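There are 2 protein chains.
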Amino acid sequence: MTEEVAERVADAMFALSTPSRVQILGCLLEGPRTVSDLVEALNMEQSAVSHQLRVLREHRLVSAEREGRMRVYGLYDDDVVALLESAVRHVERRTRASQRLTGRLRRSSG
Amino acid sequence: MTEEVAERVADAMFALSTPSRVQILGCLLEGPRTVSDLVEALNMEQSAVSHQLRVLREHRLVSAEREGRMRVYGLYDDDVVALLESAVRHVERRTRASQRLTGRLRRSSG
DNA sequence: TAATAACATGAGCATCTGTTCATATGAACA
DNA sequence: TGTTCATATGAACAGATGCTCATGTTATTA
Numbered sequence: 517m518t519e520e521v522a523e524r525v526a527d528a529m530f531a532l533s534t535p536s537r538v539q540i541l542g543c544l545l546e547g548p549r550t551v552s553d554l555v556e557a558l559n560m561e562q563s564a565v566s567h568q569l570r571v572l573r574e575h576r577l578v579s580a581e582r583e584g585r586m587r588v589y590g591l592y593d594d595d596v597v598a599l600l601e602s603a604v605r606h607v608e609r610r611t612r613a614s615q616r617l618t619g620r621l622r623r624s625s626g
Numbered sequence: 517m518t519e520e521v522a523e524r525v526a527d528a529m530f531a532l533s534t535p536s537r538v539q540i541l542g543c544l545l546e547g548p549r550t551v552s553d554l555v556e557a558l559n560m561e562q563s564a565v566s567h568q569l570r571v572l573r574e575h576r577l578v579s580a581e582r583e584g585r586m587r588v589y590g591l592y593d594d595d596v597v598a599l600l601e602s603a604v605r606h607v608e609r610r611t612r613a614s615q616r617l618t619g620r621l622r623r624s625s626g
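Protein chains in written order, with the working numbering: chain V, 517 to 626; chain A, 517 to 626.
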């Protein structure tokens, strides 16, 4: 893996490295949403949501369209869906692995 | 997506959000490596490598075995390989998409 | 055109991160 | 046992990050 690829991977993953951003993306996974929708759904301040949406925009994880005076955000494309899903699958596998592990520990040495 | 899942995803992705850590993982993708191997291959200081290896260990992305006075690191399991590969695929798709985009821009408004 | 609604943006601050420097640990070896 | 090699760890510091507060921008409405 070249240094440049490593930087790009890190840059992309950085966008997913904060709970607030992941929550926004998780919300958009269900369909396009307005900023106010997100503010209400995620219990965050409007300014915080806008700031994080900017990061997500700059990393091309979401895209926006005007609609009147609102702005409707959605996942940038199917590649983002795929990336999100593989990330979620990873933590799900990790969760199951932990459960198996603690189960084993419980059975063996208490 | 629940708040807890979002936190776990963010936590996992955080481990991949730095070029140095991604480079280490990229190196380990080719096979197990000693700390000195990594230091040499990545042109990083030994202390920096060890610090980042700790982060990767705590996030269960790598595991270590003693071997004499060395320590051999490897990717934690196949789930990590899958995660890494999907991340790399993502940036590759993004790169191709950018090339198509700039190509289009060149052709149209120049 | 003034007021308002929806959103974006800049400044500032507390916190976190990655690195380096110095030192500790632990195994092999003289 | 003392030394050396391979690695880990703690302190500290510069820079980055995420949030809030205040304000700017753009589009609707009175």
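Quick reminder that beta carbons are idealized off the backbone N, C-alpha and C, glycines included. Given the structure is predicted, the values throughout are model-derived calculations rather than measurements.
Within 7 Å of the CB of V:Ala526, the CB atoms of chain A belong to Leu532, Ser533, Thr534, Pro535, Val538, in sequence order along the chain. Neighbours of V:Leu591 in chain A, taken as residues whose beta carbon is under 9 Å from its own, are absent, since the nearest beta carbon is some 13 Å off. With respect to the 8 Å criterion, A:Val565 and A:Val578 are not classified as neighbours on the basis of their beta carbons. Taking 8 Å as the CB threshold, A:Arg610 lines the interface with chain V. Exposed is the label assigned to A:Arg585, since fewer than 16 other Cβ atoms lie within 10 Å of its Cβ. Secondary structure within the region 521-603 of chain V: the beta strand (DSSP E) runs of 3 or more consecutive residues, fully enclosed, are 578-583, 586-591 (chain order). Interface residue (Cβ-Cβ distance to chain A less than 8 Å): V:Asp595 is classified as such.
Ranking A:Met529, A:Arg537, A:Ser563 by CA distance to the CA of V:Pro535 puts A:Met529 first.
In chain order, Ser536, Arg537, Ile540 place their CB closer than 7 Å to the CB of A:Gln568, counting only its own chain and leaving out the 5 sequence neighbours on each side. Looking at A:Gly547, A:Met560, A:Glu608, A:Gln562, the one whose alpha-carbon comes closest to that of V:Val521 is A:Glu608. A:Leu591 sits close to A:Leu545, with the two beta carbons spaced by under 8 Å. If you check each beta-carbon in the region 574-587 of chain V against every beta-carbon of chain A, the ones closer than 8 Å belong to Arg576. Nearest in C-alpha terms to A:Asp527, of all of A:Glu561, A:Arg576, A:Arg616, A:Gly542, is A:Arg576. C-alpha of V:Ala531 to C-alpha of V:Leu572: approximately 6 Å in a straight line.
It is roughly 18 Å from the alpha-carbon of A:Arg582 to the alpha-carbon of A:Ser563. If the five residues before and after A:Val555 are omitted, its C-beta is found closer than 8 Å to the C-beta atoms of Glu561, Gln562, Val565, all from its own chain and listed in chain order.
Under the 10 Å beta carbon count, A:Gly547 is surrounded by fewer than 16 other beta carbons and is classified as exposed.
When rounded, the separation of the alpha-carbon atoms in V:Val596 and V:Thr618 is 33 Å. With a cutoff of 8 Å on beta-carbon distance, V:Ser602 and A:Ser602 are scored as near each other. For the C-beta of A:Val551, not a single chain V residue is nearer than 9 Å; the gap to the nearest is close to 18 Å.
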